Amino acid sequence: MIAAVALLAGIIAGLVLHPTVPGSLEPYLPIAVVAALDAVFGGIRARLDGIFDSKVFVVSFVSNVVVAALIVFLGDKLGVGGQLSTAVVVVLGIRIFGNAAAIRRHVFRA
Amino acid sequence: MSDQEGQPPESVISKPPPTSRARHLRATALIGVLLALLGFAIAVQLKAKSVDKLAGLRDDDLITILDDQNSRADRLRSQIAQLQVTEQQLQASGDRDSVARQQAEQQAQALGILLGTLPATGPGVAVRITDPRHKLEAEDLLDVVEELRGAGAEAIQFGSVRVSTSTAFSASASGVAVDGTTLTAPYTVLAIGDAQTLATALAIPGGVAATARAAGGDAAITQLARVDITAVRALPTPKYAKPAPN
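Here the protein sequences line up with chains C and S, keeping their order. Per the working numbering, the first sequence starts with residue 125, numbered consecutively. Per the working numbering, the second sequence starts with residue 203, numbered consecutively.
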């Protein structure tokens, strides 16, 4: 419950404050968002499975974001940033779909 | 990337015991902060995307787009050049066509005048040949035409008949038949050419004028600045001769 409220508050804050993204961070923000979404879906699924752990969630959230951004950063330095970010998005997307399927089974029993 | 789905059941065991409420609260707050950050980032990203499509792209993507645009511009430029060349070619060929048509028209007119299919006008002479004793024969009248031709006459009208390359003079009962048309004295001959030369050619000793006088008639030669030859003949169609391929 607190998590949902916090998410909503963050969205509202972003819409109201409309800050500008620093140029150096621009390529990494969307990847970081996708990685964080992956962690969030994983957390929801764990919660429905009854195995949710705050510590695991926090660590997975942060490490997901950091590792995704790091991969893209490294890719940029190697000149394959575009391809690597695509790869990261694909992998995270697959995981999100998997988690969403598990959540769906829990919620709808189907 | 650690995730929740692969967590072994022991994570259930590691759930905070009810006694450590402070730790539980801290974790909840941390989760709240993280999710708030996520929401914030999502909102920012959505905003940035909707404001400017290019601003959020990385350098090599921008370079790729720039390259695409450049090559597209190059393609379009070369297309423009090609089309301009085509346009010039078409214009040139149009010019050539009109020049050729003009030349053809001029040639047709020149040939029409020489063949007698077109009326003609220009400086020349009018000759009136009288023959009260009917002693002038077809050959004498043909001599008139020959003399005029020799002096460079470009168009000749004999009586009401336009003289051409195939014009024939033949004797007839009442006078002379030119191309089948019977003419009687006095004969009027119109010729376009250099008037002075034509008059001189007709008046030479032993020439046309002398012949007419010897026959008891006369040849009155008038030099005119403008002679109108209105008689025309049909364009002869060659029956046997055909243009030879060069």
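Where is the CB? At the ideal position from N, CA and C, for every residue including glycine. This structure is a prediction, so every number in the text was calculated from the model and none was measured.
Using DSSP with H/G/I as helix, E/B as strand and the rest coil, what is residue i?
i, result
"S/L437", "coil"
"S/R330", "strand"
"C/P151", "coil"
"S/R335", "coil"
"C/V145", "coil"
"S/D430", "strand"
"C/F197", "helix"
"S/T386", "coil"
"S/V365", "strand"
"C/A234", "coil"
"S/L392", "strand"
"S/D261", "helix"
"C/D162", "helix"
"S/S204", "Caution is warranted here: a pLDDT of 44 is assigned to S/S204, below 50, making its placement in the model unreliable, and the coordinate value is therefore given only provisionally. S/S204: coil per DSSP, three-state reduction."
"S/G324", "strand"
"S/I406", "coil"
For residue i, which residues in the same chain have their Cβ closer than 6 Å to its Cβ, ignoring the five residues on either side in sequence?
i, result
"S/A411", "L404, A405 and A421"
"C/N223", "F165, G166 and R169"
"S/Q359", "L392, I431 and A433"
"C/L131", "none"
"C/S187", "none"
"S/S461", "With chain S running from 203 to 448 in the structure shown, residue 461 of chain S is simply not present."
Drop a sphere of 10 angstroms on the beta-carbon of residue i, count the other beta-carbons inside from all chains shown, and report buried for 16 or more, exposed for fewer.
i, result
"S/Y442", "exposed"
"S/R279", "exposed"
"S/T413", "buried"
"S/K444", "exposed"
"S/P210", "Below a pLDDT of 50, predicted positions are generally treated as unreliable, and S/P210, at 43, falls in that range; no measurement from the model is reported."
"S/E289", "exposed"
"C/A159", "buried"
"S/Q206", "A caution first: S/Q206 carries a pLDDT of 48, below 50, which makes its placement in the model too unreliable to give a value."
"C/R219", "buried"
"S/A306", "exposed"
"S/N448", "exposed"
"C/P151", "buried"
"C/S178", "buried"
"S/E341", "exposed"
"C/D162", "buried"
Among residues of its own chain, excluding the 5 on either side of residue i, which ones have a beta-carbon nearer than 8 Å to its beta-carbon?
i, result
"S/A387", "I331, T332, D333, P334, H336, L338, G377 and G419"
"S/G354", "G395, D396, T399 and L400"
"S/V434", "G318, T319, L320, P321 and R364"
"C/F176", "G167 and A170"
"S/L426", "P325, G326, V327, A328 and A397"
"S/V179", "It is not possible to answer for residue 179 of chain S, since the shown part of chain S is limited to 203 through 448."
Within a Cβ cutoff of 7 Å, which residues of the same chain sit near residue i, ignoring the five residues on either side of it in sequence?
i, result
"C/V145", "L153"
"S/V380", "F360, G361, V363, T369 and F371"
"C/V212", "I155, A192, I195 and V196"
How about residue i: is its Cβ closer than 7 Å to a heavy atom in the ligand MG?
i, result
"S/T369", "The ligand MG is not part of the structure shown, which contains no ligands of any sort."
Checklist entry - Going along the chain, which residues of the stretch 222-238 of chain S sit with their C-beta nearer than 9 Å to a C-beta in chain C? => result For the stretch 222-238 of chain S, residues whose beta-carbon sits nearer than 9 Å to a beta-carbon of chain C comprise R225, H226, R228, A229, T230, A231, L232, I233, G234, V235, L236, L237 and A238.
Checklist entry - Going along the stretch 139-153 of chain C in order, which residues come within less than 7 Å of chain S, judged by CB to CB distance? => result Residues passing the 7 Å Cβ filter: L139, H142, P143, V145, E150, P151 and L153.
Next on the checklist: Can you pull out the residues from the stretch 221-232 of chain C whose beta carbon lies closer than 8 Å to at least one beta carbon of chain S?
Outcome noted: Contact residues of the stretch 221-232 of chain C toward chain S are G222, N223 and A226 (C-beta to C-beta distance below 8 Å).
Checklist entry - Which runs of the alpha helix (DSSP H) fall wholly inside the stretch 269-322 of chain S and span at least 4 residues, in chain order? => result Whole alpha helix (DSSP H) segments, 4+ residues: zero.
Checklist entry - Between the stretch 126-140 of chain C and chain S, which residues of the former have CB atoms less than 7 Å from a CB of the latter, in chain order? => result Within the stretch 126-140 of chain C, the residues whose Cβ lies closer than 7 Å to any Cβ of chain S are, in chain order, I126, A127, A130, L131, L132, A133, G134, I135, A137, G138 and L139.
Item to check | Residues from the stretch 176-207 of chain C in contact with chain S, defined by Cβ distance under 8 Å | outcome: Taking 8 Å as the Cβ-Cβ cut-off against chain S, the residues of the stretch 176-207 of chain C that qualify are F176, D177, S178, K179, V180, F181, V182, V183, S184, F185, V186, S187, N188, V191, A192, D200, G203, G205 and G206.
Next on the checklist: Using a Cβ-Cβ cutoff of 7 Å, what residues of the stretch 279-293 of chain S are near chain C? List them in chain order.
Outcome noted: Those would be none; no residue qualifies.
Item to check | beta strand (DSSP E) runs contained entirely in the stretch 172-230 of chain C, provided each spans 3 or more residues | outcome: The qualifying runs do not exist here; there are none.
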